[in-house]
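Heads up, the sequence shown is in this note's numbering, so the first residue is 22 and it goes up one at a time.
Ideal placement from N, C-alpha and C gives every residue a C-beta, glycine not left out.
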Amino acid sequence: MRITAAARTENEMRIRAAMDRLLRGEIPPGGNCDIKTLARESGVDRTAFYGSRPYAHLRAEFEDRLKRLQDTGTTPDPKIAQVDRLKTENAKLRDRLTQAEQAIAELGDFRGKTLARLAAQHEEIIRLRAVADTSSRVARLPVRRAKTPSIGPC
């Protein structure tokens, strides 16, 4: 069905108004900053934006303006901004997890080395005590006994 020049001009004005709203970030519920939402908001069939159809130049203009906004770091669609923010946050959390895993591994190595040193020192103490027992010139200190908690009368 052919449309009149006046109807085409009116449609273009509605499309441009809807385009401006979407690019300002006024996204309707359930919509995105895309051609589908632009067509729905302007009341024009979506297929009119493709190929050699009457409003293909407006689709190109919309996509160009959207790309320029995105290149400057501005995103009119809050969903896309949220997805970008969550991706960045996810990357930071992955980095923190990697650093935490590395720190845990280093602490585990440190713990193993410390236990090995303590065991070696304990063996050296036992060896020195054995040497001291055979020598008569060294006075032996009394051994401390662990105190056991007293239990009252039964």
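Rounded to whole angstroms, what is the Cα-Cα separation between D85 and H78?
The sequence position of residue 85 within the sequence shown is 64, counting from 1. The sequence position of residue 78 within the sequence shown is 57, counting from 1. Whole-angstrom Cα-Cα distance: 10 Å.
Return the Cβ separation of A102 and T109 in integer angstroms, given the expectation that the two are a contact with Cβ distance under 8 Å.
Taking the first residue of the sequence shown as 1, we reach residue 102 at position 81. Taking the first residue of the sequence shown as 1, we reach residue 109 at position 88. That belief does not hold up - the Cβ atoms of A102 and T109 are roughly 11 Å apart, past 8 Å.
How far does the alpha helix (DSSP H) with S73 in it extend, from its first residue to its last?
For this step, residue 73 is matched to residue 52 along the sequence shown. Where S73 is concerned, there is no enclosing alpha helix (DSSP H), given that its DSSP letter is neither H nor E.
Grouping DSSP H, G and I as helix and E and B as strand, with all else coil, what is E144?
Position 123 of the sequence shown, counted from the first residue, corresponds to residue 144. In this structure, E144 counts as helix in the three-state DSSP scheme.
Closest by CA to Y76, which one among M40, R138, L118?
Residue mapping note: residue 76 aligns to position 55 of the sequence shown, counting from 1. Minimum Cα distance to Y76 is reached at M40.
Here's the rule I'm using: 16 or more other beta-carbon atoms within 10 Å means buried, otherwise exposed. How should N111 be labelled?
Your numbering for residue 111 matches position 90 in the sequence shown. Per the 10 Å Cβ criterion, exposed.
Roughly how many angstroms lie between the CA atoms of E47 and D116, to the nearest whole one?
The residue labelled residue 47 in the question sits at position 26 within the sequence shown. The residue labelled residue 116 in the question sits at position 95 within the sequence shown. Their Cα atoms are separated by approximately 35 Å.
Using a Cβ-Cβ cutoff of less than 8 Å, which residues in the same chain neighbour P50 once the five nearest sequence positions on both sides are dropped?
For the purposes of this step, residue 50 is identified with residue 29 of the sequence shown, where counting begins at 1. Excluding residues within five positions, none has a Cβ falling inside 8 Å.
For E62, count neighbouring C-beta atoms within 10 Å of its own C-beta (all shown protein chains included) and say buried if the count is 16 or more, exposed if not.
Counting from 1 along the sequence shown, the entry for residue 62 is found at position 41. Buried.
Just how far apart, CA to CA, sit M34 and Y71?
Translated into the one-based positions of the sequence shown, residue 34 becomes position 13. Translated into the one-based positions of the sequence shown, residue 71 becomes position 50. If you take the alpha carbons of M34 and Y71, they lie about 18 Å apart.
Could you tell me the distance, in whole angstroms, from the CA atom of R23 to the CA atom of R106?
As a working mapping, residue 23 is identified with position 2 in the sequence shown. As a working mapping, residue 106 is identified with position 85 in the sequence shown. Spanning the two alpha carbons is a distance of roughly 46 Å.
Could you give the uninterrupted runs of the alpha helix (DSSP H) lying entirely in the region 59-140, keeping only those of 4 residues or more?
Taking only runs of at least 4 residues, the alpha helix (DSSP H) segments lying wholly in the region 59-140 are 77-92.
Where I147 and L136 are concerned, what is the direct C-alpha to C-alpha distance, given to the nearest angstrom?
Numbered from 1 along the sequence shown, position 126 holds the residue referred to as residue 147. Numbered from 1 along the sequence shown, position 115 holds the residue referred to as residue 136. Those two C-alpha atoms are separated by around 16 Å.
Tell me whether the beta-carbon of K113 lies closer than 9 Å to the beta-carbon of N53.
Start at 1 with the first residue of the sequence shown, and residue 113 comes out as number 92. Start at 1 with the first residue of the sequence shown, and residue 53 comes out as number 32. In this structure, N53 does not lie closer than 9 Å to K113 by Cβ.
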